[in-house]
Every structure is written in structure tokens, then in C-alpha cells.
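Inspection log for the structure reproduced underneath, given as C-alpha cells.
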Amino acid sequence: MDPQTAADQLAAAEGAPALNRSATTGERVGGVVSAAALFGTLWVAAEQRVPLALGIPVCLAALAVVVGWNYYHRERALRRPHTRLESGAGIAAGFLLGLPAGNVLWDTPDSTIGIVVPAAASALVLLGYLVSRWRA
């Protein structure tokens, strides 16, 4: 391996991406809108007892939103690495989609609270993950 001079090392360091920049306003608005749309879509789909043929795309779209934000923050945003809490929240948001998916797909007879709470849980965990990634 070639020994680098101090000037070479400094040039390489200056060419590296800045990992401490915070999120843009557009990213923050997009995150809040995504979490609100996730909550609203899951709530309405469960409340209206949509047929299975419509429930499956609703659940897949919800999963695509969560996975899309995870992919964006892991591969595209070029920011600091994830902490353990952020990694856990990103994964938990995907797993928590199983709670409202039960109401959407299998038409479980549930009260409004039993429909709202699971939909809100997954949306709030997603929002918590996004907010934690917005800081510098």
C-alpha cells in the first residue's frame, strides 16, 4: 500500500461528502405527508372494510412507503450512519404494519379504537424514525 502524503490525505478528506448536514424542508414535509397518508390510508381501508383485492395493494403501498424511506436514508441521503435506535425504529415501522394489515385484509370486526390505534402505531413509529434522521 502506498504511503500517502499529508496533502493527499487532506485532499481526500475534503472530497468526502458532508455527513452532518440536516434534512431539507422538502424532505421534512415529504416525511410528515408520508406518515399522515400512511395513517389515513390504513385507517380508511380498515374502517370501510375494503375487499381483499383492494386491501392487498393498500398494504403493499404502505410497506413501499416504509421501505422507501429506509432505503433513502441508508443509500441516498449520504448522511451520518444510523444509530441502533434509528435502525430499530426503521425496522419496527415495517413490522408494525402487520397490526393494521390484519384489520385491512381479514375484515376483523373491531371498534374504531381497535382500528385507529394499530394504524397510528405504525405511522408514529415511521414519523419517529424520520424525525430522528432529520437532525444533523
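When we follow this note's numbering, the leftmost residue of the sequence shown carries the number 1, and every step to the right adds one.
A virtual CB, placed ideally from N, CA and C, is assigned to each residue, including glycine.
All figures in this text were calculated on a predicted structure; none of them were measured in a lab.
Please classify A89 as buried or exposed, where buried requires at least 16 other C-beta atoms within 10 Å of its C-beta.
buried
Leaving out five residues on either side along the sequence, give the residues of the same chain with a beta carbon under 7 Å from the beta carbon of Q4.
none
How big is the Cα-Cα spacing for E47 and V32?
22 Å
Ignoring anything shorter than 3 residues or poking outside the stretch 86–130, list the beta strand (DSSP E) runs there in chain order.
none
Grab me the residues of H73's own chain with a C-beta within less than 6 Å of its C-beta, minus the 5 sequence neighbours each way, in chain order.
R133
Among Q9, L42, A6, which one has its Cα closest to the Cα of L63?
L42
Beta carbon of L127 nearer than 8 Å to that of W69
no
What's the gap between the Cα of G94 and the Cα of V65?
9 Å
Own chain partners of A123 with C-beta closer than 7 Å, once the 5 adjacent residues on each side are dropped
A35, L38, F39
Quick one, are the C-beta atoms of A45 and V131 less than 8 Å apart?
no
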